[in-house]
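The next block holds one structure in the form of structure tokens; read it before the comments.
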Amino acid sequence: MNRKLLSAGLVFALGAGYALTASSQVKPETLVKERQAVMTLQGKYFDNSLRLMARGTLPYDASVVARNAVFLDALIKMPWDGFDPSTKDITSRAAPAVFTDTSKFKEARDLTQSEISKLVAISKGGDEAAVKAQINAVNKACGTCHESFRTRRR
Numbered sequence: 001m002n003r004k005l006l007s008a009g010l011v012f013a014l015g016a017g018y019a020l021t022a023s024s025q026v027k028p029e030t031l032v033k034e035r036q037a038v039m040t041l042q043g044k045y046f047d048n049s050l051r052l053m054a055r056g057t058l059p060y061d062a063s064v065v066a067r068n069a070v071f072l073d074a075l076i077k078m079p080w081d082g083f084d085p086s087t088k089d090i091t092s093r094a095a096p097a098v099f100t101d102t103s104k105f106k107e108a109r110d111l112t113q114s115e116i117s118k119l120v121a122i123s124k125g126g127d128e129a130a131v132k133a134q135i136n137a138v139n140k141a142c143g144t145c146h147e148s149f150r151t152r153r154r
């Protein structure tokens, strides 16, 4: 099952490159729903497991960390086409800065992607302390982006 999910994720990630031209043909509402769905999956594999392991709330499981890191590495590449300028007026939690400060948004995106890639590499080494430190680095990168580019729940 994990291979099927990973295969599906990779197919989706590879297809994301074609989304730029396709996004001009997709309704803005659909783009918002798609990016929100990806963010929900990121939360499942990060917030509901890795972050809790780093805090000691869940027992550390190296195999889960390695699997979830790979999933996150695929997922983190997916939502960005959904922040197309055509979506700026659609009700969502995307802050206006997503569309006005695009270079800073890209920097935050790139940092998060980089920290997740590091997590994939570190998770293969088996050093629990290093893995937990990198999970915290991913959490910080995610939080930095959310602080600047996500509005609070109403």
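Take the sequence shown: its position 101, counting from 1, is numbered 101 in the numbering used here, and each next residue is one higher.
Glycine included, every Cβ here is placed at the ideal spot set by N, Cα and C.
Note that the structure is a prediction, hence the values are computed from the model and not measured.
**OP:** Please determine, among S63, L75 and R109, the residue with the shortest C-alpha to C-alpha distance to T144.
**Re:** Of the residues S63, L75 and R109, the one whose Cα lies closest to the Cα of T144 is R109.
Subject >> Cβ pair count under 8 Å reaching 3, the region 63–72 against the region 95–114 >> reply: No, the region 63–72 does not touch the region 95–114.
Original post:
According to DSSP, which residues form a beta bridge with A94?
Top reply: Answer is R150.
Subject >> Neighbour-count burial assignment, E115, 16 or more Cβ in a 10 Å radius >> reply: Classification for E115: buried.
Subject >> Start and end residues, alpha helix (DSSP H) containing V65 >> reply: A62 to L75 is the span of the alpha helix (DSSP H), which, as asked, contains V65.
**OP:** Output the boundary residues of the alpha helix (DSSP H) element that contains Q36.
**Re:** Where Q36 is concerned, the enclosing alpha helix (DSSP H) stretches over P28 to Y45.
**OP:** Compute the beta-carbon to beta-carbon distance between L72 and F46, rounded to the nearest angstrom, for a pair I have assumed lies under 8 Å.
**Re:** Going by Cβ atoms, the distance from L72 to F46 rounds to 6 Å, so yes, they are a contact pair.
Subject >> Reference R55; option with closest CA among Q25, E128 and L75 >> reply: Taking the Cα of R55 as reference, the smallest distance to any Cα among Q25, E128 and L75 is reached at E128.
**OP:** Can you give me the start and stop residues for the alpha helix (DSSP H) that Q25 sits inside?
**Re:** It is not in any alpha helix (DSSP H) - Q25 carries neither H nor E in the DSSP assignment.
Original post:
Do the region 116–123 and the region 28–39 make contact, defined as three or more Cβ pairs closer than 8 Å?
Top reply: The region 116–123 vs the region 28–39: no contact.
**OP:** Determine, using beta carbons only, whether D101 and R35 come nearer to each other than 9 Å.
**Re:** Cβ distance not < 9 Å, so D101 and R35 don't count as in contact.
Subject >> Run of the alpha helix (DSSP H) containing R105, from where it starts to where it stops >> reply: A small fix is needed here, since residue 105 is Phe in this sequence, not Arg. Counting along the chain, the alpha helix (DSSP H) containing F105 begins and ends at T102 to S123.
**OP:** Please go through the same chain and pick out, in chain order, the residues whose beta-carbon is closer than 8 Å to the beta-carbon of S165, but skip the five residues on each side of it.
**Re:** In the structure as shown, the chain begins at 1 and stops at 154. Residue 165 is therefore absent and cannot be evaluated.
Original post:
Within 10 angstroms of its Cβ, does A37 collect 16 or more other Cβ (buried), or is it exposed?
Top reply: By the neighbour-count rule (16 or more Cβ atoms within 10 Å), A37 is not buried but exposed.
Original post:
What three-state label does DSSP hand M78 in the structure shown?
Top reply: If DSSP states are grouped into helix, strand and coil, M78 belongs with coil.
Subject >> Between the CA atoms of R150 and T91 - distance to the nearest angstrom >> reply: For T91 and R150, the distance between alpha carbons rounds to 12 Å.
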